[in-house]
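Undergrad:
In the numbering used here, the protein residues as written are 2 to 150.
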């Protein structure tokens, strides 16, 4: 109950993560007549559109909630550290009115932008590894959702 959920629920979600190659088993240990499993993350937690759609709606809701909680925590930490006052910070909020075709088109654009952000991060890591350039933690967050009316 360390995660606050029944074992069956946790096992189900771990199987889903394993099936999507997000975790791998690293070891097992006997514990109170059972076998305890230890996993490690194998991939950046990112599901493509097709994978996201196949997840049960309850799990999608849980993952969205956890992502938003992490984002708010990171934003709070950045604000407390004074990082949101940096002139290079990007903060935008743009309510839109879209039809279904435009909604999906914008989602595709945002997915491409995220891919480019990850490629830029890889370039930065390579420069850091080769020449020791300074790196610092940043956060790239993308939200696009249907607003409640």
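Beta carbons are placed, not taken as given, at the ideal position from N, Cα and C, and that holds for glycine. Just so we're clear, the structure is a prediction, and the values are computed from it rather than from any experiment.
Between the C-alpha atoms of residue 2 and residue 10, what's the straight-line distance to the nearest angstrom?
TA: Model confidence at residue 2 stands at a pLDDT of 45, short of 50, so the residue's coordinates are unreliable; what they give is reported in the following sentence. When rounded, the distance between both Cα atoms is 11 Å.
Undergrad: For the 8 Å Cβ check, are there 3 or more pairs between the segment 5-25 and the segment 36-55?
TA: With a cut-off of 8 Å, the segment 36-55 and the segment 5-25 count as touching, because enough Cβ pairs lie within range.
Undergrad: Where does the unbroken alpha helix (DSSP H) through residue 129 begin, and where does it stop?
TA: Here the alpha helix (DSSP H) through residue 129 covers 101-132.
Undergrad: Per the DSSP calculation, residue 31 is bridged to which residue(s)?
TA: Answer is 36, bridged to residue 31.
Undergrad: Rounded to the nearest angstrom, how far is the Cβ of residue 145 from that of residue 136, given a contact under 8 Å?
TA: At roughly 28 Å, the Cβ-Cβ gap does not stay under 8 Å, so residue 145 and residue 136 are not in contact.
Undergrad: I need the boundaries of the alpha helix (DSSP H) containing residue 135, first residue and last residue.
TA: Neither: residue 135 is in no alpha helix (DSSP H) and is coded neither H nor E.
Undergrad: Identify every residue that forms a DSSP beta bridge with residue 24.
TA: DSSP output for residue 24 lists 42 as bridge partner(s).
Undergrad: Roughly how many angstroms lie between the CA atoms of residue 102 and residue 52, to the nearest whole one?
TA: Near 20 Å, if we compare the C-alpha coordinates of residue 52 and residue 102.
Undergrad: Work out the CA separation of residue 107 and residue 95 for me, nearest whole Å.
TA: Approximately 13 Å, taken between the alpha carbons.
Undergrad: Which of the three DSSP states, helix, strand or coil, is assigned to residue 145?
TA: Coil, per DSSP.
Undergrad: Within its chain, find whatever has a CB closer than 8 Å to the CB of residue 84; leave out the 5 residues flanking it on each side and keep chain order.
TA: Excluding residues within five positions, the ones whose Cβ falls inside 8 Å are 90.
Undergrad: Taking 8 Å as the cut-off, decide whether the C-beta atoms of residue 39 and residue 28 are in contact.
TA: Contact: yes.
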